[in-house]
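Residue 73 in this note's numbering is what sits at position 62 of the sequence shown, and the numbering runs on without skipping anything.
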Amino acid sequence: MRWATISDNLKEQKVMEWYELYYKDLYRFIYYMLGDRQSCEDLVHDTFLRAYTSFEKFEKRASVKTWLFSIAKHLVFDEIRRRKRRRSITLFSEGKDIASPLNIEKYIENRDTVERSLKAIQQLKPDHRLVITLKKIEDCSTKEIVEILGWSESKIRKTLSRGLAELRKKDIAEGGGHNEPIF
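This is how it looks when you write it as structure tokens:
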């Protein structure tokens, strides 16, 4: 069942409510997927803009959160593809990170663990990165991940298992023995 045609004011109000509820979750998800604050800010903005423009297409079969994460996932994969194309064109990048007004680290107790985790996650295949970020960082249920990605539960479990195994290998290869495991 699709949303009935509603006024722009009501649509804007609804999307702003979603913004208040899910901004931090989407920001964290995109940040872990890309590791770049400026791109993260842009993609969070684009996620809500796309939600606004596609508002009438939202079907209430899934929760608003899973719909927003699905939009963000598509934007992230588009950005990953763009970056791969850019990398193949230019061998050297300047890659300066522009400071964000939102300091996500203040919400996390152990900055070293976060930075180590982020670095390790960035080195994974996009599918592994995606499932680990949704499950372990965003704490989405397997059912929510099924709705976001459109994959089977068994594919999600296998991808998660393989991604976590790869993270453990990276932790061991980089010296391991840290006080806290990555995941």
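Quick reminder that beta carbons are idealized off the backbone N, C-alpha and C, glycines included. Treat the numbers as computed from the prediction; the structure is a model and nothing was measured.
Alpha carbon to alpha carbon, what distance is there between residue j and residue i?
| i | j | result |
| --- | --- | --- |
| L79 | R96 | 26 Å |
| E67 | L60 | 13 Å |
| Y63 | E28 | 12 Å |
| H56 | F88 | 16 Å |
| Q49 | K35 | 15 Å |
| K130 | I159 | 24 Å |
| K180 | L171 | 14 Å |
| K169 | K76 | 24 Å |
Whole-angstrom Cβ separation of residue i and residue j, contact assumed at under 8 Å?
| i | j | result |
| --- | --- | --- |
| H139 | R92 | That belief does not hold up - the Cβ atoms of H139 and R92 are roughly 17 Å apart, past 8 Å. |
Could you say which of the options lies nearest to residue i if we only look at CA atoms?
| i | options | result |
| --- | --- | --- |
| Q133 | D19, M44 and S74 | M44 |
| H85 | F40, S165 and S74 | F40 |
| D182 | E31, L21 and R127 | R127 |
| A83 | C51, K25, F69 and K71 | C51 |
| L175 | E70, K71 and K136 | K136 |
| A73 | G46, R168, G161 and E90 | G161 |
| Y6 | L171, T144, E155 and I156 | Shown here, the chain extends from 12 to 194; a query on residue 6 therefore has no answer. |
Quick check on residue i - is its C-beta less than 7 Å from some C-beta in chain D?
| i | result |
| --- | --- |
| Y43 | Going by chain labels, chain D is absent from the structure shown, which holds only one protein chain. |
If you follow the alpha helix (DSSP H) that residue i is part of, which residue opens it and which one closes it?
| i | result |
| --- | --- |
| I148 | First-last for I148: undefined, no H or E at that position. |
| L135 | It is not in any alpha helix (DSSP H) - L135 carries neither H nor E in the DSSP assignment. |
| A73 | Premise fails: A73 is in no alpha helix (DSSP H) and is neither H nor E. |
| T58 | R48 to T64 |
| E158 | T153 to L160 |
| E31 | D19 to L45 |
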